[in-house]
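Engineer: Protein chains in written order, with our numbering: chain A, 3 to 184; chain B, 3 to 184.
2 protein chains.
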Amino acid sequence: MQIPSHIHSFIQHFGEMGSRWGFNRTVSQICALLVISEEPLNADQISEHLSISRSNVSMGIKELQSWNLLRMISIPGDRKDYFTTSDDIWELARTLIEERRKREVDPTLSMLRGLLLQRDDTQENDYAINRMQEMHDLIELFVSWFTDMQSLNSKRLKKLMKLGSGVNKVLDMTDKLAGKTS
Amino acid sequence: MQIPSHIHSFIQHFGEMGSRWGFNRTVSQICALLVISEEPLNADQISEHLSISRSNVSMGIKELQSWNLLRMISIPGDRKDYFTTSDDIWELARTLIEERRKREVDPTLSMLRGLLLQRDDTQENDYAINRMQEMHDLIELFVSWFTDMQSLNSKRLKKLMKLGSGVNKVLDMTDKLAGKTS
DNA sequence: TTAAAATTTCAGTAATTTCTGAAAATTGGA
DNA sequence: TCCAATTTTCAGAAATTACTGAAATTTTAA
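1) For B:W69, go through chain A and note every residue whose CB falls closer than 9 angstroms to its CB, in chain order.
2) Give the residues of chain B in contact with A:R133, contact being defined as C-beta atoms less than 8 angstroms apart.
3) Using a beta-carbon distance cut-off of less than 7 angstroms, what residues from the stretch 99-116 of chain B approach chain A?
4) Compute the Euclidean distance between the alpha carbons of A:D128 and A:H51, then round it to the nearest angstrom.
5) Quick one: grab the DSSP three-state call for B:T87.
6) Could you check how far apart the C-beta atoms of A:N28 and A:I54 are, in whole angstroms? I think they sit under 8 angstroms.
7) Suppose the cutoff is 7 angstroms on Cβ atoms and the five residues either side in sequence are ignored; what does the same chain contact list for A:A34 look like?
8) Please classify A:L117: is it buried, with 16 or more other beta-carbons within 10 angstroms of its beta-carbon, or exposed?
9) Does DSSP classify A:L72 as helix, strand or coil?
10) Take the Cβ of B:D124 as the centre, count every other Cβ of all protein chains shown within 10 Å, and call the residue buried at 16 or more, exposed below.
11) Taking 7 angstroms as the CB-CB limit, is A:A34 close to chain B?
12) Would you grab the beta carbon distance between B:L43 and A:I91 for me? Rounded to a whole angstrom, and I think it's under 8 angstroms.
13) Is it the case that the stretch 93-107 of chain B contacts the stretch 18-28 of chain A, given that we only count it when at least three CB pairs across the two stretches are under 8 angstroms?
14) Find the nearest neighbour of A:H138 within the set A:L111, A:S146, A:E93, A:E126, judged by alpha-carbon distance.
15) Quick one: what's B:L43 bridged to in DSSP?
16) Nearest-angstrom Cα distance between B:F148 and A:W147?
17) Around the Cβ of A:I38, are there at least 16 other Cβ atoms within 10 angstroms (buried) or fewer (exposed)?
18) Which word fits A:H8, buried or exposed, when buried means at least 16 other C-beta atoms lie within 10 angstroms of its C-beta?
19) Helix, strand or coil for B:P6? Go by DSSP, reduced to three states.
20) Determine, using beta carbons only, whether A:L114 and B:M163 come nearer to each other than 7 angstroms.
21) Take A:E65 as the anchor and find which of A:Q31, A:R133, A:A130, A:V145 has the nearest alpha-carbon.
22) How is the alpha helix (DSSP H) around A:N132 delimited, first residue to last?
23) Could you run through the stretch 50-65 of chain B and flag, in chain order, every residue whose CB is less than 7 angstroms away from some CB of chain A?
24) Who are the Cβ neighbours of A:E93 in its own chain at under 6 angstroms, not counting the five residues just before and after it?
25) Against chain A, with Cβ distances strictly below 7 angstroms, would B:G24 count as a contact?
26) Could you tell me which chain A residues have their CB closer than 8 angstroms to the CB of B:A130, listed as they occur along the chain?
27) Taking the alpha-carbon positions, what's the B:S167 to A:S153 distance?
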């Protein structure tokens, strides 16, 4: 199977960036390959395309499944499992952000909540405790906002993002209408 | 120097999470320590607090500086350098997001742009190329939106995030006012 | 129920990343 | 300028993470 050079570069880049995104090289490459493949691929095909062992593909698929990034497909008359990703890039992005939140943010929020609950009276004006409270509140705000945004459909979200800081003007407007409800 | 248990847990947690945030353990711990220390610390103090070698502290500081996360402070009559982070958690979060964008997103945007520019006529209806174009457009939208948000001050941003998907209603309103300018 | 096909697991190895101590380089006061 | 204090660099060691092949397990068609 011939791999066009642009596809090769694309997969190569994912391999190099993978570690910055919380994946290892082969997991990122498997993901990249499935994203730009029109047809679903089976494990042997992935193994061959990327020149990695069959068992490594197996582990990579398991990892990507734990990120909810794969669709498994059965082809009638073929016992092999075929894999692909969502063909909606926005859906992929949402999933990625949501899973990264679970892994990178939620544990820290819990930790902070726990430490803040344990606090005793002698710590009321403790600088460190105040810092933790600020951090907790900021992260909680981020998380609830992201969750809220997840509820919008792709079209709406796209519109909102295109508006960008133009939203600022809208806030001014609502302020005036409401008569500074702050 | 006695370290209260809540501070110890906090630093410990950062150490464990560090690798998910693109840092190594000690870099994350140095950052955590400086965030919850009221007074700036010098390299020897950091080394002692975290039980890591002086040279490791040096490398960690260099790394954090490359992330624009540190302030260096001179204390008159003391030749040592003292370090601290911004005391504004929002500023820290902005910096972190901006630097992660530079490292995790910008290179991919460039790569995609490059591949798409090279495309020739035979690839017009290439599935992979279309996928790359979609991905490019999505990332570009994200990046320009983030950049736009960075221009808002913390207070405004906080307000906007609290509004959350309530913004949706505002969009409906502006739609009506503008007479569907889509 | 059987057995071939397909997948997963896992122990050992390979590769990568992180950390240290020693040495080199830099800094700043006298 | 000198020199002691401080910081940085870097080669090698330690620790961690990723990968492979062989064996075990699971699946499914007959």
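Cβ atoms here follow ideal geometry from the backbone N, Cα and C, with glycine treated the same way.
Structural biologist: According to the structure shown:
1) Going along chain A, no residue has its Cβ under 9 angstroms from B:W69, so there is no contact; the nearest lies around 13 angstroms.
2) V37, I38, I91
3) R105, E106, P109, T110, M113
4) 57 angstroms
5) coil
6) This sequence places Thr at residue 28 of chain A; Asn is not what is there. A:T28 to A:I54, Cβ: 5 angstroms. Contact.
7) If we look at A:A34 and ignore the five residues flanking it on each side, its Cβ neighbours are F12, I13, F16.
8) buried
9) coil
10) The question names Asp, but residue 124 of chain B in the sequence shown is Thr. Around the Cβ of B:T124, a 10 Å sphere holds fewer than 16 other Cβ atoms; the residue is exposed.
11) no
12) The Cβ separation is near 45 angstroms, so there is no contact.
13) Cβ pair count under 8 angstroms is three or more, so yes.
14) A:L111
15) B:F85
16) 14 angstroms
17) Burial of A:I38 is indicated by the presence of at least 16 other C-beta atoms within 10 angstroms of its C-beta.
18) buried
19) coil
20) Contact flag unset, no.
21) Check the Cα spacing between A:E65 and each of A:Q31, A:R133, A:A130, A:V145: the tightest is with A:Q31.
22) 129-152
23) none
24) Counting only Cβ-Cβ distances below 6 angstroms, and skipping sequence neighbours, we find nothing.
25) yes
26) P6, H8, I9, F12, I38, S39, E40
27) 8 angstroms
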